[in-house]
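Here the structure is laid out as structure tokens; the discussion comes afterwards.
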Amino acid sequence: MRWIVLAAVVVGAIVVSGVAFWGGSEPAPTPAAKKVERVANGSVTAKGTVQPVASRSLSFAISGTVSELKVKAGDSVAVGQVLARLDTAAAKEAVTDAETALSEAADALAEATAAATATCAPVQAAGAQSAPSAAPSASPRASASPRASTAPSCSSTSGRGGGADAIFTAQQQVNNATAAVSRAERNLAGTTITAPVTGKVLTVTIKVGDTARSNVITLGVVSTMLVKASFSESDVVAVSVGQTASVTLPGTGSKTYAATVSQVAEVGTVTNRLVTYEVLIAFDQVPEGLLVGQSANVTVPA
1 MRWIVLAAVV VGAIVVSGVA FWGGSEPAPT PAAKKVERVA NGSVTAKGTV
51 QPVASRSLSF AISGTVSELK VKAGDSVAVG QVLARLDTAA AKEAVTDAET
101 ALSEAADALA EATAAATATC APVQAAGAQS APSAAPSASP RASASPRAST
151 APSCSSTSGR GGGADAIFTA QQQVNNATAA VSRAERNLAG TTITAPVTGK
201 VLTVTIKVGD TARSNVITLG VVSTMLVKAS FSESDVVAVS VGQTASVTLP
251 GTGSKTYAAT VSQVAEVGTV TNRLVTYEVL IAFDQVPEGL LVGQSANVTV
301 PA
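Take the sequence shown: its position 255, counting from 1, is numbered 255 in the UniProt record's numbering, and each next residue is one higher.
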């Protein structure tokens with residue numbers, strides 16, 4: 001009887017060992033294998049917002065009171081178009097003052113140069129008159145060696161308003177006054193904001209009568225429009241630059257717009273331990289009436 005029990009135990013152990021051995025021969029699919037299978041069988045999608053390919057924040061060169069505002073948010077503008085102006089009275093007065101100072105500095109330089117020239121002229125004449133005459137001598141005496149001239153040179157003359165130092169100082173004043181004129185003219189030009197590119201006004205933060213200077217108008221370059229979408233780290237592996245995509249917009253039903261992936265972020269963003277990657281998708285043709293900031297759904301075939 002004991003032999004029968006012992007045989008049953010041995011057989012049971014062999015069966016259990018066999019099940020354990022053969023059961024481990026088929027490995028569980030790895031995350032990578034699951035990812036490849038998902039990509040091969042479908043598409044990846046993400047939500048995003050519409051934005052221009054580039055935007056410019058525009059400012060006045062100086063602070064002042066807004067006297068004219070010619071645009072509002074949503075307006076289309078052409079390059080060189082006037083968008084806003086400040087009151088120019090103070091800036092024009094600054095240009096006049098700078099030009100007056102430059103004129104006075106130029107006069108001072110001319111006077112210093114003339115004074116130095118007037119001081120040099122008698123010295124040179126005296127030097128010419130002091131040359132000894134070459135009269136022959138009857139006695140066989142050795143001629144005396146000429147004495148060194150004690151007349152001051154022009155470069156070291158000093159006197160009222162003259163000399164190299166006076167000219168140098170006057171020239172510095174002219175240089176400073178010239179720079180001041182250029183600065184005042186730039187500030188006057190900077191009282192007007194013009195469109196640097198053709199685009200659409202996105203924001204306006206001023207009104208007539210406000211005191212303003214920086215970041216008063218934002219202009220978007222809307223000739224190319226993008227969808228900025230965030231893909232999860234498991235989906236972004238299916239997305240690459242140059243890949244075709246389709247975009248759907250609210251209020252257009254099932255209509256889709258052709259697009260192309262233009263940029264994929266190299267670094268992800270972590271939010272609540274969820275990693276996402278920013279992807280830019282450019283419309284092949286910008287839809288009519290497309291609004292900056294509106295939501296969009298993006299589909300990228302895997």
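Beta carbons are placed, not taken as given, at the ideal position from N, Cα and C, and that holds for glycine.
* To do: Can you tell me which of the three DSSP states V282 falls into?
  => According to the sequence displayed, residue 282 carries Ala and not Val. A282 sits in a strand when the DSSP states are folded into three classes.
* Asked: Are the region 197–212 and the region 260–279 touching, with three or more C-beta to C-beta distances below 8 Å?
  -> The region 197–212 makes no contact with the region 260–279; the number of CB pairs closer than 8 Å stays below 3.
* Asked: How would you label N176, buried or exposed, when you count the other beta carbons within 10 angstroms and need 16 or more for buried?
  -> It is exposed - the Cβ of N176 has fewer than 16 other Cβ atoms within 10 Å.
* To do: Could you please give the first and the last residue of the uninterrupted beta strand (DSSP E) stretch that includes V82?
  => That run of the beta strand (DSSP E) goes V82 to L86.
* Asked: Applying the criterion that 16 or more other CB atoms from any shown protein chain within 10 Å of the CB defines a buried residue, is F168 buried or exposed?
  -> Around the C-beta of F168, fewer than 16 other C-beta atoms lie within 10 Å, and the residue is accordingly described as exposed.
* Asked: Which two residues bound the contiguous alpha helix (DSSP H) that contains N297?
  -> First-last for N297: S295 to P301, but that is the beta strand (DSSP E), not the alpha helix (DSSP H).
* To do: With a floor of 3 residues, list each beta strand (DSSP E) that falls wholly inside the region 170–232, ordered by position along the chain.
  => Taking only runs of at least 3 residues, the beta strand (DSSP E) segments lying wholly in the region 170–232 are 192–194, 199–204 and 217–232.
* To do: Locate the beta strand (DSSP E) running through G64, then write down its first and last residues.
  => Counting along the chain, the beta strand (DSSP E) containing G64 begins and ends at G64 to L69.
* Please name the residue, chosen from V267, L109 and F231, that lies closest to G163 on a Cα-to-Cα basis. => Of the candidates V267, L109 and F231, the residue whose Cα lies closest to the Cα of G163 is L109.
* To do: Assign D235 to one of two classes, buried (16 or more other C-beta atoms within 10 Å of its C-beta) or exposed (fewer than that).
  => Buried is the call here.
* Let me know the secondary structure DSSP gives A105 once reduced to three states. => If DSSP states are grouped into helix, strand and coil, A105 belongs with the helices.
* Alpha carbon to alpha carbon, how far is A170 from A180? Give it in angstroms, no decimals. => Straight through space, the alpha carbons of A170 and A180 are spaced by roughly 15 Å.
* Asked: If we count the other Cβ atoms within 10 Å of its Cβ and call it buried at 16 or more, is L274 buried or exposed?
  -> Classification of L274: exposed, given that the 10 Å Cβ count is below 16.
* With contact counted as at least three CB pairs below 8 Å, one residue from each stretch, are the region 267–287 and the region 224–232 in contact? -> A contact exists between the region 267–287 and the region 224–232.
* To do: Kindly indicate which three-state DSSP category A258 falls into: helix, strand or coil?
  => Look at A258 here: in three-state DSSP terms it is strand.
* Using a Cβ-Cβ cut-off of 8 Å (strictly less than) and excluding sequence neighbours within five positions of Y257, which residues of its own chain qualify? -> Around Y257: S246, V247, T248, L249, F283, D284, Q285 and P287.
* Stretch-stretch touch, CB-based, cutoff 8 Å, three pairs: the region 193–200 with the region 82–100 -> Put simply, the region 193–200 touches the region 82–100. At least three CB pairs are less than 8 Å apart.
* **A116 versus A166: straight-line alpha-carbon distance, rounded** => Approximately 9 Å, taken between the alpha carbons.
* What number of angstroms, rounded off, separates the C-alpha of K200 from the C-alpha of L102? -> The straight-line gap separating the alpha-carbon atoms of K200 and L102 is approximately 42 Å.
* Could you pull the start and end residues of the beta strand (DSSP E) that K47 belongs to? => From DSSP, the beta strand (DSSP E) with K47 extends over S43 to L58.
* Spatial neighbours of K47 in its chain, beta-carbon cut-off 7 Å, leaving aside the 5 residues before and after -> Contacts found: A229, S295 and N297.
* Below 8 Å CB to CB, which residues in the same chain sit around G293 once its five sequence neighbours on both sides are set aside? => Excluding positions up to five away in sequence, the list reads T49, V50 and Q51.
* To do: Could you check which residue in V174, T276, L219 and V279 has the C-alpha nearest to that of V77?
  => Closest option to V77, Cα to Cα, is L219.
* **Spatial distance of L86 from I217 (CA atoms)** => Straight-line measurement puts the Cα of I217 at about 14 Å from the Cα of L86.
* Starting from the Cα of T65, find the closest Cα among T203, S214 and L291 and give me that residue. => Across the set T203, S214 and L291, the C-alpha of S214 shows the shortest separation from the C-alpha of T65.
* Using beta-carbon positions only, say whether L202 and S55 come within less than 8 Å of one another. => Taking 8 Å as the Cβ cut-off, L202 and S55 qualify as a contacting pair.
* Asked: What three-state label does DSSP hand V292 in the structure shown?
  -> Correct three-state label for V292: coil.
* Label V270 either buried or exposed according to how many other C-beta atoms from any shown protein chain fall within 10 Å of its C-beta, with 16 as the threshold for buried. => By the neighbour-count criterion, in which a residue is buried when 16 or more other Cβ atoms sit within 10 angstroms of its Cβ, V270 is exposed.
* Counted within 10 angstroms of its Cβ, other Cβ atoms place V238 as buried (16 or more) or exposed -> The question names Val, but residue 238 in the sequence shown is Ala. Classification for A238: buried.
* **Distance, G268 Cα to T178 Cα** => Going from the Cα of T178 to the Cα of G268 covers about 52 Å.
* E93 to E99 span [Cα, whole Å] -> So the alpha carbons of these two residues sit roughly 10 Å apart.
* Asked: For T276 versus S232, is the C-beta spacing smaller than 8 Å?
  -> Cβ atoms of T276 and S232: closer than 8 Å.
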